[in-house]
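**Student:** Mind having a look at this structure? Questions to follow.
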Amino acid sequence: MQLFDWLTQTMLGKCLFTMLVSMVPIIELRGGIPFGVALGLPYYLAFPAAVIGNILPAPFIIVYIRRIFALMRKYLPQLNSIVDKLERKAHLKGKKVSKYQYLGLWLFVAIPLPGTGAWTGCLAAAFLDMRLKKAMPAVVLGVITAGCIMIALTHVGVNLFSA
Numbered sequence: 000m001q002l003f004d005w006l007t008q009t010m011l012g013k014c015l016f017t018m019l020v021s022m023v024p025i026i027e028l029r030g031g032i033p034f035g036v037a038l039g040l041p042y043y044l045a046f047p048a049a050v051i052g053n054i055l056p057a058p059f060i061i062v063y064i065r066r067i068f069a070l071m072r073k074y075l076p077q078l079n080s081i082v083d084k085l086e087r088k089a090h091l092k093g094k095k096v097s098k099y100q101y102l103g104l105w106l107f108v109a110i111p112l113p114g115t116g117a118w119t120g121c122l123a124a125a126f127l128d129m130r131l132k133k134a135m136p137a138v139v140l141g142v143i144t145a146g147c148i149m150i151a152l153t154h155v156g157v158n159l160f161s162a
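Residue numbers (numbering that gives the first Met the number 0): 0 to 162.
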């Protein structure tokens, strides 16, 4: 059995594929849950697979993203414009988060709209110098909240189009 067949035809493969999709910036959990359900996963498996996939990169982003950006500036100066853009985005989003600190981070990650989510929330947390042990619970709660919203929206969408 080829890898793609395993990822799309077995329950474990579908869970792993959903996790991988949910790890991708921009797509994240907002796309991971509908993707998992479209693959044929029941909601009770699509939800945890997407949540876990969306949370896995979070601590690495919070802890290492500033160092990664510094290394990119040093060794890959042709990517400076991309780093500048990401840093501007982090500072802009950070202003929204900083007023309410960890509550703000939770709400920012929880809203499943473009430009919000775990990746951007973690980027903002890193640039606001939030400690990992305090930022992670807010990010995890935000991802779980966004997951609940996306499960509800996916369920409504599936029922709307299958009727």
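Cβ atoms here follow ideal geometry from the backbone N, Cα and C, with glycine treated the same way.
Could you tell me whether the segment 41 to 51 touches the segment 68 to 81, using the rule of 3 or more Cβ pairs below 8 Å?
**Tutor:** At 8 Å Cβ cutoff, the stretches do not touch.
**Student:** What residue from 100, 108 and 35 has the CA that sits closest to residue 177's CA?
**Tutor:** Because the chain here runs from 0 to 162, residue 177 falls outside it and cannot be looked at.
**Student:** Between the Cα of residue 151 and those of 21, 4 and 36, spot the shortest distance and give me the residue it belongs to.
**Tutor:** The option with the nearest alpha carbon to residue 151 is 36.
**Student:** Taking the continuous alpha helix (DSSP H) assigned at residue 7, which residues delimit it?
**Tutor:** Residues 2 to 8.
**Student:** DSSP state of residue 26, grouped into three classes?
**Tutor:** Residue 26 falls in the coil class under three-state DSSP.
**Student:** Roughly how many angstroms lie between the CA atoms of residue 21 and residue 28, to the nearest whole one?
**Tutor:** Between residue 21 and residue 28, the C-alpha separation is close to 5 Å.
**Student:** I'd like the span of the alpha helix (DSSP H) that includes residue 47, first residue to last.
**Tutor:** Where residue 47 is concerned, the enclosing alpha helix (DSSP H) stretches over 42 to 54.
**Student:** Find out if the Cβ-Cβ distance for the pair residue 93, residue 123 is shorter than 7 Å.
**Tutor:** Contact: yes.
**Student:** Could you compute how far the alpha carbon of residue 66 sits from the alpha carbon of residue 148?
**Tutor:** Approximately 33 Å between the Cα atoms of the pair.
**Student:** If I follow the unbroken alpha helix (DSSP H) through residue 74, where does it start and stop?
**Tutor:** From DSSP, the alpha helix (DSSP H) with residue 74 extends over 57 to 74.
**Student:** In the DSSP assignment, find the alpha helix (DSSP H) that holds residue 83 and state where it starts and stops.
**Tutor:** Run containing residue 83: 79 to 97, per the alpha helix (DSSP H) assignment.
**Student:** Considering residue 119, what are the terminal residues of the alpha helix (DSSP H) in which it resides?
**Tutor:** Run containing residue 119: 117 to 126, per the alpha helix (DSSP H) assignment.
**Student:** Specify the secondary structure class of residue 114 as computed by DSSP and reduced to three states.
**Tutor:** Residue 114 falls in the coil class under three-state DSSP.
**Student:** I want to know whether the segment 117 to 134 touches the segment 53 to 70 - three or more CB-CB distances under 8 Å.
**Tutor:** The segment 117 to 134, when compared against the segment 53 to 70, does touch it at the 8 Å Cβ threshold.
**Student:** With DSSP collapsed to three states, give me the class of residue 146.
**Tutor:** Three-state result, residue 146: helix.
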